[in-house]
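Residue numbers (the numbering used here): 41 to 107.
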């Protein structure tokens, strides 16, 4: 959520609170695949598309190579 700057500040604060880099590396930001999404509908679609993309990549990495 938020801009790259907001995300950087968020990560700094979490590290100050004791979170590891491994833990904070799991936080994705800015959210969504459309970087300039401003209205709620476009942002929701952007987030959904990103979630679907990540899930498909995870499923593909679990499949055995096709011959």
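Beta carbons are placed, not taken as given, at the ideal position from N, Cα and C, and that holds for glycine.
With residue 45 as the anchor, note down where its alpha helix (DSSP H) starts and where it stops. 44-56
Can you grab the Cα-Cα spacing for the pair residue 47 / residue 99, in whole Å? 28 angstroms
For residue 68, name the three-state secondary structure that DSSP assigns. coil
How many Å lie between residue 96 and residue 90 at the Cα? 10 angstroms
For residue 72, count neighbouring Cβ atoms within 10 angstroms of its own Cβ and tell me buried if that reaches 16, exposed if not. buried
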